[in-house]
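In the working numbering, each residue carries its 1-based index in the sequence shown increased by 140. Ideal placement from N, C-alpha and C gives every residue a C-beta, glycine not left out.
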Amino acid sequence: MQGGMVWRSWHISYKGAIDDYYKKLAAEEAAASSS
Numbered sequence: 141m142q143g144g145m146v147w148r149s150w151h152i153s154y155k156g157a158i159d160d161y162y163k164k165l166a167a168e169e170a171a172a173s174s175s
């Protein structure tokens, strides 16, 4: 089941990248709306 481990680690890092992207997007929107 090593392939499953690789997929899981890739999936976690991919989800983390999406979370970071949306956090960055939300922070930029908050900064734009507050200025």
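Taking L165 as the centre and dropping the five residues before and after it, the same chain places no C-beta closer than 6 Å to its C-beta. Here the alpha carbon of W150 sits roughly 20 Å from the alpha carbon of K163.
Here the alpha carbon of E168 sits roughly 10 Å from the alpha carbon of S174.
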